[in-house]
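So the structure is just underneath, and the comments pick up after that.
Protein chains: 2
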Amino acid sequence: MRQDFRCNCPFTSALDVLGDKWILVIVKQMLIEGKETFKDFTESEEAIATNILSAKLKLMEEVGIIIKTQRPHNKKTNLYLLTDKGLALTPILVELATWSDKHLRDLHPTIVNGEAVELLRNDKAAFTSELEKKYRKKLAILSKRNSG
Amino acid sequence: MRQDFRCNCPFTSALDVLGDKWILVIVKQMLIEGKETFKDFTESEEAIATNILSAKLKLMEEVGIIIKTQRPHNKKTNLYLLTDKGLALTPILVELATWSDKHLRDLHPTIVNGEAVELLRNDKAAFTSELEKKYRKKLAILSKRNSG
DNA sequence: GTATTCGCTTGCATTATGCAAGTTATTTTC
DNA sequence: GAAAATAACTTGCATAATGCAAGCGAATAC
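This is the structure:
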């Protein structure tokens, strides 16, 4: 599953990397649901198979949107964290959700429609920057723990 | 290739529909490169195979992001046009290209870097609305011809 | 030191994608 | 108006991606 590019178009090249069923879902789980370990991902409602998960995490690391780390004094559990390159996918996710909210409800009426979606509708930019800010805060806390 | 949804998450549901190698590329070709016939798509630089193209166009029509029409007095050539639901994918495409421009050049140095990318960088919102406006104009001209 | 948990890998089935050739209906050319 | 060209596909077959279930080794918990 090496990375190849079909051509020099920026749109197409983004889809050469992100155009599959799982990568952006995994990013969403990290960014919004706070998932960070292999086990976390396997327990998500999307129910990804462990072999696919393993392959995708490897690819995402190669591409540079996540890094693999550990907590101090724990050799068992791996932590997968978004890099800046991965965090920069937030606006794409937000636009995807916006499109779902507006245009997918006819095909899929049970799409969630709660508080968070309300926030998204009211101020997309704020929603985006809030997500990024929250994740960066989490990263800061983790790196403090690792050094302290 | 029927449409199924993994869960009720708006992010994941968008990817249930759009999460593949081709659909958003085809939308890009319609929106930006003005492609509209089966032949147009087969002649693109991305070089999609005709069987895949056929399957994807069918799916896109089922999902409601394109419609299949014809020009008056021409039974041979089919026209594929974006619906409102399809045009609403523009912001997603723009965010994908923005991410490519900022974060994919290290992996893929020959990504185009011309005038259009410059415009995108300088004013993303203007770039988006300009694309939508231009496409709507095209639609208006076509529908005028069909009635006149 | 035994059991459990975590992070995988492996084997096999199914679905998606890719290539090349063929088919049918329509239009163009002469 | 018959022959050639064109547009829009379909079909058959190969490869790659995804999906399911079971297993396995290292680290941790008891």
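Protein chains in written order, with my numbering: chain A, 5 to 152; chain B, 5 to 152. Ideal placement from N, C-alpha and C gives every residue a C-beta, glycine not left out.
Of all Cβ atoms in chain A, is any one closer than 9 Å to the Cβ of B/ASN55? Taking the second sequence and counting its residues from 1, the one referred to as residue 55 of chain B is at position 51. With 9 Å as the cut-off, B/ASN55 does not count as an interface residue toward chain A.
Kindly indicate if chain A contains any beta-carbon less than 9 Å away from that of B/LEU100. Walking along the second sequence from the start, residue 100 of chain B turns up at place 96. It does: the Cβ of B/LEU100 has a partner Cβ on chain A nearer than 9 Å.
Alpha carbon to alpha carbon, how far is A/ALA129 from A/ILE96? Give it in angstroms, no decimals. Counted from its first residue, the first sequence places residue 96 of chain A at position 92. Counted from its first residue, the first sequence places residue 129 of chain A at position 125. Whole-angstrom Cα-Cα distance: 12 Å.
Using a cut-off of 8 Å between C-beta atoms, extract the partners of A/LYS89 located in chain B. Counting from one through the first sequence, the residue named residue 89 of chain A turns up at place 85. Correct list: HIS107.
Give the interface partners of A/ILE96 over in chain B, defined as CB-CB distance under 7 Å, in chain order. One-based indexing of the first sequence puts residue 96 of chain A at position 92. The contacting residues are ILE96, GLU99, LEU100 and TRP103.
Can you pull the chain A neighbours of B/ARG10, defined as C-beta to C-beta under 7 Å? Along the second sequence, one-based indexing puts residue 10 of chain B at 6. In chain order: GLU50.
B/ASN12, DSSP secondary structure in three states: Taking the first residue of the second sequence as 1, we reach residue 12 of chain B at position 8. DSSP places B/ASN12 in coil when its eight states are reduced to three.
Taking C-beta to C-beta, are A/GLY68 and A/LYS89 nearer than 9 Å? In the first sequence, residue 68 of chain A corresponds to position 64, counting from 1. In the first sequence, residue 89 of chain A corresponds to position 85, counting from 1. Judged by their CB atoms, A/GLY68 and A/LYS89 are nearer to each other than the 9 Å cut-off.
Considering Cα atoms alone, identify which of B/CYS11, B/PHE42 and B/LEU22 is closest to B/LEU85. As a first step, residue 85 of chain B is located in the second sequence; it is residue number 81 there, counting from the start. When only C-alpha atoms are compared, the closest one is B/PHE42.
With a Cβ-Cβ cutoff of 9 Å, do A/ILE70 and A/LEU61 count as a contact? Translated into the one-based positions of the first sequence, residue 70 of chain A becomes position 66. Translated into the one-based positions of the first sequence, residue 61 of chain A becomes position 57. Their beta carbons are under 9 Å apart, which means A/ILE70 touches A/LEU61 by this criterion.
Can you tell me which residues form a DSSP beta bridge with A/THR73? The residue you call residue 73 of chain A lines up with position 69 of the first sequence. A/THR73 is bridged to A/LEU83.
Cβ atoms of B/GLU49 and A/ARG140: under 9 Å apart, would you say? Position 136 of the first sequence, counted from the start, is the residue given in the question as residue 140 of chain A. Position 45 of the second sequence, counted from the start, is the residue given in the question as residue 49 of chain B. The answer is no: Cβ separation not under 9 Å.
Give me the chain B residues within the contact set of A/THR114, using Cβ-Cβ distance strictly less than 7 Å, ordered along the chain. As a position in the first sequence, residue 114 of chain A is number 110, starting the count at 1. Within chain B, the residues near A/THR114 are ASN12.
Identify the contact partners of A/ALA92 in chain B, using a Cβ-Cβ distance below 9 Å as the criterion. Indexing the first sequence from 1 puts residue 92 of chain A at position 88. Result: THR102, TRP103, LYS106 and HIS107.
Since B/VAL29 and A/LEU19 should fall inside the 8 Å C-beta cutoff, what is the C-beta to C-beta distance between them, to a whole number of angstroms? Along the second sequence, one-based indexing puts residue 29 of chain B at 25. Along the first sequence, one-based indexing puts residue 19 of chain A at 15. Correct: roughly 6 Å between the Cβ atoms.
Three-state secondary structure (DSSP) of A/ARG109: Taking the first sequence and counting its residues from 1, one reaches residue 109 of chain A at position 105. Residue state, collapsed to three classes: coil.
Rounded to a whole number of angstroms, what is the C-alpha to C-alpha distance between A/SER151 and B/LYS138? By one-based count along the first sequence, residue 151 of chain A stands at place 147. By one-based count along the second sequence, residue 138 of chain B stands at place 134. So the alpha carbons of these two residues sit roughly 54 Å apart.
Coil, strand or helix - A/LEU93 by DSSP: The residue labelled residue 93 of chain A in the question sits at position 89 within the first sequence. Coil, per DSSP.
Keeping to the same chain, check which residues put their C-beta closer than 7 Å to that of A/THR87; ignore five residues upstream and five downstream. Reading the first sequence from its first residue, position 83 is the one you call residue 87 of chain A. GLY68, ILE69, ILE70 and ILE71, listed in sequence order.
What does B/ALA18 touch in chain A if you count any residue whose Cβ is under 8 Å from its own? Within the second sequence, the letter at position 14 stands for residue 18 of chain B. By Cβ distance, chain A contributes LEU100, ALA101, TRP103, SER104 and LEU108.
Taking all protein chains shown into account, decide if B/ASP105 is buried (16 or more other Cβ within 10 angstroms of its Cβ) or exposed. For the purposes of this step, residue 105 of chain B is identified with residue 101 of the second sequence, where counting begins at 1. B/ASP105 should be labelled buried.
Can you find a C-beta in chain B that's less than 9 Å from the C-beta of A/ASP24? Sequence index remark: in the first sequence, residue 24 of chain A carries index 20 (1-based). It does; some Cβ of chain B falls within 9 Å.
At the 9 Å Cβ level, is A/GLY38 part of the contact set with chain B, yes or no? Here residue 38 of chain A is taken as the residue at index 34 of the first sequence, counted from 1. No, no contact with chain B.
Where the alpha helix (DSSP H) containing B/LYS60 begins and where it ends: Numbered from its first residue, the second sequence carries residue 60 of chain B at position 56. Element bounds for B/LYS60: 54 to 67.
B/CYS13 and A/VAL31: beta carbons closer than 9 Å? Within the second sequence, numbered from 1, the residue matching residue 13 of chain B stands at position 9. Within the first sequence, numbered from 1, the residue matching residue 31 of chain A stands at position 27. Their beta carbons are not under 9 Å apart, which means B/CYS13 does not touch A/VAL31 by this criterion.
With distances taken Cα to Cα, identify the nearest neighbour of B/LEU83 among B/LEU91, B/PHE15, B/THR73 and B/ARG149. Residue 83 of chain B sits at position 79 when you count from the first residue of the second sequence. Measuring from the Cα of B/LEU83, the nearest candidate turns out to be B/THR73.
Indicate the three-state DSSP secondary structure (helix, strand or coil) for B/GLU119 in the structure shown. Your numbering for residue 119 of chain B matches position 115 in the second sequence. Residue state, collapsed to three classes: helix.
Keeping to the same chain, check which residues put their C-beta closer than 7 Å to that of A/PHE45; ignore five residues upstream and five downstream. Here residue 45 of chain A is taken as the residue at index 41 of the first sequence, counted from 1. ILE30, GLN33, LYS39, ILE52 and LEU57.
Alpha carbon to alpha carbon, how far is A/ASP127 from A/GLY23? Give it in angstroms, no decimals. Within the first sequence, numbered from 1, the residue matching residue 23 of chain A stands at position 19. Within the first sequence, numbered from 1, the residue matching residue 127 of chain A stands at position 123. Answer to the nearest angstrom: the Cα atoms are 27 Å apart.
Using a C-beta to C-beta distance shorter than 8 Å, which residues of chain B count as neighbours of A/LYS32? Position 28 of the first sequence, counted from the start, is the residue given in the question as residue 32 of chain A. Those within 8 Å of A/LYS32 in chain B are CYS13, PHE15 and THR16.
Alpha carbon to alpha carbon, how far is B/LYS25 from B/GLU47? Taking the first residue of the second sequence as 1, we reach residue 25 of chain B at position 21. Taking the first residue of the second sequence as 1, we reach residue 47 of chain B at position 43. For B/LYS25 and B/GLU47, the distance between alpha carbons rounds to 17 Å.
Rounded to the nearest angstrom, how far is the Cβ of A/ALA92 from that of B/HIS112, given a contact under 8 Å? Position 88 of the first sequence, counted from the start, is the residue given in the question as residue 92 of chain A. Position 108 of the second sequence, counted from the start, is the residue given in the question as residue 112 of chain B. About 16 Å separates the two Cβ atoms, so there is no contact after all.
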